[in-house]
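Participant: Okay, handing you the structure first.
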């Protein structure tokens, strides 16, 4: 879990554990990052434990960003996160895109 | 630290489920139309069956399966749970418990007999009209193509360890499922509680299955969710892909037609799986464990005892450090000693808190006892419990079980009158027994109250005279007469029953309660009933004590029993021989501890009196000096000292010396007997 202020745009890499056991600290991290910069990029490549709470947090982050007119870009969904999304009914990329319009699967 | 034996874990879990099952069955006897109770009993049975099979208890699984099958008619609303059926169901529960805890003691013939009884009751001609709810759950009509479900979970469900994704997965095993998450409820970040559940799901299940099959999926969370269910009239064009078809696969176009989930769940063709190098998702059990927040941890009882022992030693060591620091002049050592004292005190409280168990776990056992006694004695009894959440040290709970069984048996057997007598006295046919627990300062009060005939004071007195315990015509208050009930071998019952009447019991109850540093008190109103009140300390391990000095010796008085401390005035001194103290107009008898302890040397000039109380009795204890409060780690006395009744234990002080703990109840009894002797000598 790291903030990289030296990069041109601030990015936040989510930790491996984004399950309910650790979601509170992930939530605090996102809120802190949200308050610090205009544009936020969240790298989801390291997530290997995800559940309903992880999905909700990402949805809320995207919703909040959209409401405040501040771009939140979600990048590189890990396979584990992708599987969890699909188990929750986000059965296709189109659906995921619908809920995370700023998603980027860039490598 | 060894891992717990999985079968032992199953036994413990089963034990809790038995309590739930028994509670639900007993409640069902009172509220036969309560569907929640039927479901609760069924859930417990279902879990016992499933876990039993998993842990290799095949007989348990097969017997429970038969039990469940028979009980299913009740669940379906076809049969009403009569008292007979409840009794057989309770017997079946007992048999399953025996199969788990002591399989050697079971006999297949008995098990088969219980199942036959169960089947006989549920197949008898007593069907009831299905209620509206059941009608709604009628078998799926032929034109129905499946079910439309809307799932809304309570916000805390994730914290309880439930995982909606697992439930969706189970649902999809019933047939092709199209799951659409509903995200309307997702709040903004600032308003979010990250562990709460906000997602809802709209599901179309394309399978012709019973409503019950769907209910079974949500069986364990049905109290924590809203499930809206309506039949699907025709196959609707599914928008999203069926769940799981795409797991571990590249995203597919939305328009692609769904494949049945059964196919999707089957092993994938090698060609399809080949391009994917991503790791497989973790096994379900592993994923489940990850998703669960650790809310509770099961700890072996002996570990808690060990922890308490360690804390006790720490408290003693801390007392020594504090004493050492106070005798020196090093400020920094004093500060550290104070800090350690604070931490030790906090650790003590936390450890004691971890040992606290709600008394409701004990109360639950008595419901069955009352149910059976009520049936055997043909005395209908309503059992009411209050204060189940009141917490008590687990050791106290264990010690309290037997005395309460005895008191409740007495209440039903001797207290509650038979129906004819009750009717003749203008009482309701059904007797009432109330079991209550409440915190009162550093004590817990447990009361057993019945609305029976009350104690027959004249008969108790006559029996006491007959046994030579009192002289004929001696002047005694009713309260004093009732105390004979605690005398060994004392019984006024005219007949000896299987339950009581042999005069063995109340003395044991009193001794057990006093061994727990508690007291027992009786109050009765003729024709209206009897109340037995037990006053118990919160714990047996560490108490707050008042450290006093008598001569050269130091003693501890449990602080919970101390009402106030006063100086023994010259006037009180002058009244020597009478040993009564005037406390704000009330005469309180006092004992000179120097005399009791046979202390040598002359007493201090300003003697102190500590007023202690047990129930309604107050007594003053005269000591040379009150040193102060003291965290007292209780150590039991050796067998050699077991007959010294005025001490209940000992503790180690900061300087390494021992101090004896005074037994308040015994001292009060001693003072009262002295007062009585004084009365008698004055009368003579």
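Protein chains in written order, with our numbering: chain A, 1 to 107; chain B, 1 to 684.
Built from N, CA and C at the ideal position, the CB exists for glycine as well.
(1) Give, in chain order, every residue of the stretch 178-196 of chain B whose Cβ lies closer than 7 Å to some Cβ of chain A.
(2) Taking 7 Å as the limit between beta carbons, can you name the residues of its chain near residue 86/B, skipping five residues before and five after?
(3) Return the CA-CA distance between residue 192/B and residue 150/B, expressed in angstroms with no decimal places.
(4) Counting C-beta neighbours from all protein chains within 10 Å, is the total for residue 530/B 16 or more, i.e. buried, or is it exposed?
(5) Residue 77/B and residue 61/B: beta carbons closer than 9 Å?
(6) I need the boundaries of the alpha helix (DSSP H) containing residue 93/B, first residue and last residue.
(7) Using 8 Å for Cβ pairs, my map puts residue 568/B next to residue 512/B. What's the rounded Cβ distance?
(8) Distance check for residue 304/B and residue 7/B, CA to CA, integer angstroms please.
(9) Taking any Cβ of chain B, which residues in the stretch 66-85 of chain A have a Cβ under 8 Å from it, in chain order?
(10) On a Cα-Cα basis, can you pick out the residue from 83/A, 65/A, 79/A that is closest to residue 188/B?
(11) In the DSSP assignment, what residue or residues form a beta bridge with residue 436/B?
(12) Could you check if residue 12/B is buried or exposed, using at least 16 other CB atoms within 10 Å of its CB as the buried criterion?
(13) For the beta strand (DSSP E) containing residue 181/B, list its first residue and its last residue.
(14) Alpha carbon to alpha carbon, what distance is there between residue 155/B and residue 40/B?
(15) Return the chain-ordered list of same chain residues with a C-beta closer than 8 Å to the C-beta of residue 452/B, the five sequence neighbours on each side being excluded.
(16) Using 9 Å as the limit for Cβ to Cβ distance, is residue 52/A near chain B?
(17) Between residue 545/B and residue 599/B, which are expected to be in contact by the criterion C-beta below 8 Å, what is the C-beta distance as a whole number of angstroms?
(18) Chain B beta carbons: is any one of them nearer than 9 Å to that of residue 39/A?
(19) Which of the three DSSP states is assigned to residue 477/B in this structure?
(20) Would residue 48/A pass as a contact of residue 20/A if the rule is Cβ separation under 9 Å?
(21) Closest by CA to residue 593/B, which one among 621/B, 570/B, 617/B?
(22) Does DSSP put residue 46/B in a helix, in a strand, or in coil?
(23) The beta strand (DSSP E) spanning residue 30/A covers which residue range?
(24) For residue 152/B, report the span of its beta strand (DSSP E) as first-last.
(25) Please check if any C-beta of chain A sits within less than 9 Å of the C-beta of residue 147/B.
(26) So, at 6 Å on beta carbons, what are the nonlocal neighbours of residue 355/B in its own chain, with the 5 sequence-adjacent residues on each side left out?
(27) State yes or no: is the beta carbon of residue 425/B nearer than 9 Å to at least one beta carbon in chain A?
(28) Please give the ranges of any beta strand (DSSP E) in the stretch 551-622 of chain B, keeping only runs that are unbroken, at least 3 residues long and fully inside the region.
(29) By the three-class DSSP mapping on this structure, what secondary structure does residue 341/B have?
(30) When we look at the beta-carbon of residue 162/B and count the other beta-carbons within 10 Å, is it buried (16 or more) or exposed?
(31) Indicate whether at least one CB of chain A lies closer than 9 Å to the CB of residue 666/B.
(32) What number of angstroms, rounded off, separates the C-alpha of residue 487/B from the C-alpha of residue 665/B?
(33) When DSSP labels each residue in this structure, what does residue 650/B get in the three-state scheme?
(34) Once the 5 residues before and after residue 152/B are set aside, which same chain residues still bring their CB inside 7 Å of it?
(35) To which residues of the same chain is residue 641/B closer than 6 Å at the C-beta, ignoring the five residues directly before and after it?
(36) Kindly list the residues whose CB is nearer than 6 Å to the CB of residue 524/B, restricted to its own chain and excluding five residues on each side of it in sequence; keep chain order.
Facilitator: So, from the listed chains and residues:
(1) Cβ contacts with chain A: 179, 180, 181, 183, 186, 187, 188, 189, 192, 194, 195.
(2) In the same chain as residue 86/B, and ignoring 5 residues on each side of it, the C-beta atoms closer than 7 Å to its own belong to 25, 28, 29, in chain order.
(3) Computed Cα separation, rounded: 23 Å.
(4) Around the C-beta of residue 530/B, 16 or more other C-beta atoms lie within 10 Å, and the residue is accordingly described as buried.
(5) Cβ atoms of residue 77/B and residue 61/B: not closer than 9 Å.
(6) Residue 93/B -> alpha helix (DSSP H) spans 83-101.
(7) Contact doesn't hold; Cβ gap of about 35 Å is too wide.
(8) Near 21 Å, if we compare the C-alpha coordinates of residue 304/B and residue 7/B.
(9) Residues passing the 8 Å Cβ filter: 67, 79, 80, 83, 84.
(10) Closest by alpha carbon: 65/A.
(11) According to DSSP, residue 436/B shares a beta bridge with 386/B, 447/B.
(12) Of the residues assessed, residue 12/B falls on the exposed side of the cut-off, its CB having fewer than 16 other CB atoms within 10 angstroms.
(13) Where residue 181/B is concerned, the enclosing beta strand (DSSP E) stretches over 177-182.
(14) The alpha-carbon atoms of residue 40/B and residue 155/B are separated by roughly 21 Å.
(15) Cβ neighbours of residue 452/B beyond the five flanking positions: 411, 414, 415, 416, 417, 431, 529, 530.
(16) Residue 52/A counts as touching chain B.
(17) About 20 Å; that fails the 8 Å criterion.
(18) No, no contact with chain B.
(19) Assigned with DSSP and collapsed to three states, residue 477/B falls in coil, not helix or strand.
(20) In this structure, residue 20/A does not lie closer than 9 Å to residue 48/A by Cβ.
(21) Per the C-alpha coordinates, the member of 621/B, 570/B, 617/B positioned closest to residue 593/B is 621/B.
(22) Helix at residue 46/B.
(23) Annotation for residue 30/A: no beta strand (DSSP E) segment contains it, though the alpha helix (DSSP H) segment containing it runs 23-36.
(24) 146-153 is the span of the beta strand (DSSP E), which, as asked, contains residue 152/B.
(25) Taking CB atoms only, residue 147/B has no neighbour in chain A less than 9 Å away.
(26) Around residue 355/B: 304, 393, 394.
(27) Not an interface residue.
(28) Qualifying beta strand (DSSP E) stretches, in chain order: 553-558, 562-567, 580-583, 586-592, 608-614.
(29) Looking at residue 341/B - three-state DSSP - the assignment turns out to be helix.
(30) Buried.
(31) Contact of residue 666/B with chain A is not assigned, every C-beta pair being separated by 9 Å or more.
(32) Rounded to the nearest angstrom, the two C-alpha atoms are 16 Å apart.
(33) In the three-state DSSP reduction, residue 650/B falls in the strand class (E or B).
(34) So the qualifying residues of the chain are 200, 225, 226.
(35) Here the set comprises nothing.
(36) Answer for residue 524/B: 454, 455, 530, listed in chain order.
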